[in-house]
Structure formats: C-alpha cells, structure tokens
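Have a look at the structure below before the remarks.
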C-alpha cells in the first residue's frame, strides 16, 4: 500500500531462495498492493503489483550509477546461471563482494573464442562502467562444507577473485574446465583455495575427462592454497600454463608432491616464472609416472633437494 514513482528500485522483501535474489525497477507508477507480489525473476520480466508494474533489471548497466550500484546481482553464479549474462559480457564484482553458499557451485560461461566473457573485481565506489584504475583483488567466492566449487566450460578472463572451495569441510575439490565443452579460462591476480582437510589426488583438478575437448587454462600471478599435504594439482586433456607468480603456494599446507602419480589424459604443462620454493627438501614436483604430458619448468624458483 505504498506509492511508487517510475525509477524506484527495490529488492524482494521476503528472503528469496539462494540464487534468486533480484532487483526490480518501477516502470509504471502507482500504489502497491498490501502484500508482496509473486515476483517474476526472469531477465527483464514484469510483475504487476496492484497498479504498479515492476521490471526485473538485475545487473543491467543502465540502472547503475557512479558510486552507487543500484541493481547488482547478489551472486556471480546467478549472473551466469539465469540466462542473464551473454557471450562477450563483462561482469564487474565489487571489491567487498563475499559470496558464500552451503551447496556445490558451478559457474559456466557462455563466452566463445570470438566473444570472451570477463569477470573483474573493481572498486565499487569508482566509475560506472569501471576503468583500469578501479581494478581490485579482494572479492571472494566460497562454498562451505563438503561442496565443490567449479569454474567450468566457456571462454572467460577472470581478474582479482579469491575462490575458496569447501571451507569447514573435510573433503571436496576445486574443478576448472572439467565439463564436456571447449574452454579457455585465464585467471589473473587470483587466489584458488581447496580448503577441505582430507588429502585428494585431484584437489585442484584442471581439464575434462573427455578426450577431444579443446581447453587451455592459464594462471597468471595466481596463488594456490591446499587443505592437506597429500593434496595434488591434477591436469588432464588440457594445455595448462602457470606463470608470473611469486610465493605460488600459500596457506598452512604445502603438498609434498605437486602433481599426482596418477594423472591421465593428454595436454602439456608449462610452469614459467613461478616461485615453488615452498616445496622444500624431500618434496617432489613431478613423480615418476608414465604420462603423455610434457612438464616444462622455465625460469622458476625451486626449493633445495626437490625431486
């Protein structure tokens, strides 16, 4: 029973289901009903509320304003899971974004080789759309319990995000490009954490189990954290490049062996300009294993007495 003017922006009043958080803009002025309407949450859909009409505008650039993001998505996974973001779209993530869910998370990008998606952490008090001076590295995306976090297929450039899988859990893994479609994923200034405390041979798993998938994954100044010394970084059927990273292994648990003994599939691994000296004496980079991969370490810093 409230009067609204065209341009007023509101979220749902009753707490929505996780992933269904939306923003609505008044597009027909009037007085709302005495109870909250049943919102239509698809992109650009309208909801009639007595004689007010609301239009779904979540994440759309036209309804943001400098220093006041008026209609942001609550979750990155929702922006790519609702049909909202299209190939070629850039999604800007606020510097104070802290997305958490107690369920498995799967981010799938619609981008293609010709029209790549971009996900960039930026200072939300800066320009809209953001400029290079607004780039930041403090946004976090987290799953809790024994719930995997997956950054799956598609073509995307990802800047300044900390991904944290299975916080507070004993198991689960972090998956990258493990789907059955081609993928090109470039992580710049990111942190990738597998936090489950049970050691896993595929703790951070890169690449699909399906032969013939064309995929390349690059870590550029991207740091890895593991939840157990028995955790491993596994690469299958993917071209994997890890470069330009100092103190590349962070956290309390450093793997005793970086790559697993069982690591099937094709593809090559290039580690260039990466400080791996956290793996100390007695540790192993690549174990003795029959593999079709080539592992190349170029201009890296290694610990003493490492195999």
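Numbering (this note's numbering), first residue to last: -10 to 296. Ideal Cβ positions, reconstructed from N, Cα and C, are used throughout, including at glycine.
Review point. Of the choices -3, 183, 32, whose alpha-carbon is the least far from that of residue 18?
Key: Minimum Cα distance to residue 18 is reached at -3.
Review point. Starting from residue 213 and walking both ways along the beta strand (DSSP E), at which residues does that stretch end?
Key: DSSP places residue 213 inside the beta strand (DSSP E), whose first and last residues are 212 to 214.
Check your understanding: Closest to residue 20 by CA distance: which of 62, 274, -6, 169 is it?
Key -> Of the residues 62, 274, -6, 169, the one whose Cα lies closest to the Cα of residue 20 is -6.
Review point. Leaving out the 5 sequence neighbours to the left and right, which residues in its chain are closer than 6 Å to residue 188 when beta-carbon positions are compared?
Key: Sequence-distant Cβ neighbours of residue 188 in its own chain, meaning closer than 6 Å and more than five residues away, are 217, 219, 220.
Check your understanding: What residues in its chain sit with their C-beta under 6 Å from that of residue 63, if we drop five residues either side in the sequence?
Key -> So the list reads 10, once near-sequence residues are dropped.
Review point. By DSSP, does residue 230 sit in helix, in strand, or in coil?
Key: Here residue 230 sits in strand by DSSP.
Point to revise | Identified DSSP bridge partners for residue 90 | key: Paired residue(s): 132.
Review point. How would you call residue 277, buried or exposed, if buried means at least 16 neighbouring beta carbons within 10 angstroms?
Key: By the neighbour-count rule (16 or more Cβ atoms within 10 Å), residue 277 is not buried but exposed.
Exercise for review: Ignore the nearest five residues each way along the sequence and tell me which others in residue 89's own chain have a CB closer than 7 Å to its CB.
Suggested key: The beta carbon of residue 89 lies closer than 7 Å to those of 131, 133 in the same chain, with the five residues before and after it left out.
**Study point:** Segment contact flag, the stretch 199 to 209 with the stretch 222 to 230, C-beta cutoff 8 Å, min 3 pairs
**Key:** Because the criterion of three Cβ pairs below 8 Å is met, the stretch 199 to 209 and the stretch 222 to 230 touch.
**Study point:** Start-to-end residues for the beta strand (DSSP E) that takes in residue 174
**Key:** 172 to 177 is the span of the beta strand (DSSP E), which, as asked, contains residue 174.
Check your understanding: What do you get for residue 85, buried or exposed, if any count of 16 or more other CB atoms within 10 angstroms of its CB means buried?
Key -> Per the 10 Å Cβ criterion, exposed.
Review point. How would you label residue 25, buried or exposed, when you count the other beta carbons within 10 angstroms and need 16 or more for buried?
Key: Residue 25 should be labelled exposed.
Exercise for review: Give the range of the beta strand (DSSP E) segment to which residue 263 is assigned.
Suggested key: Residue 263: member of the beta strand (DSSP E) spanning 258 to 263, first to last residue.
Review point. Per DSSP, residue 287 is paired with what?
Key: Paired residues: 261.
Exercise for review: For residue 170, I'd like the list of residues in its chain whose CB is within less than 6 Å of its CB, leaving aside the five on either flank, ordered along the chain.
Suggested key: Counting only Cβ-Cβ distances below 6 Å, and skipping sequence neighbours, we find 142.
Review point. With DSSP run on the structure shown, which of helix, strand or coil describes residue 154?
Key: Here residue 154 carries a strand assignment [DSSP, helix/strand/coil].
Practice item. Tell me residue 45's beta-bridge partners as DSSP assigns them. Key: Residue pairing by DSSP places residue 45 opposite 13 in a beta bridge.
Review point. Thinking just about the alpha-carbon of each residue, which of 30, 249, 174 is nearest to the one in residue 105?
Key: The residue with the shortest Cα to Cα distance from residue 105 is 174.
Check your understanding: Taking just the CA atoms, how far does residue 46 sit from residue 36?
Key -> Straight-line spacing of the CA atoms in residue 36 and residue 46 works out to 12 Å.
Check your understanding: Measuring CA to CA, which of 73, 42, 61, 144 is closest to residue 103?
Key -> Put simply, of 73, 42, 61, 144 the residue whose alpha carbon is nearest the alpha carbon of residue 103 is 144.
Review point. Is any heavy atom of the ligand GDP found at a distance shorter than 7 Å from the C-beta of residue 71?
Key: Absence of the ligand GDP from the depicted structure is noted, as is the absence of any ligand whatsoever, leaving it without description.
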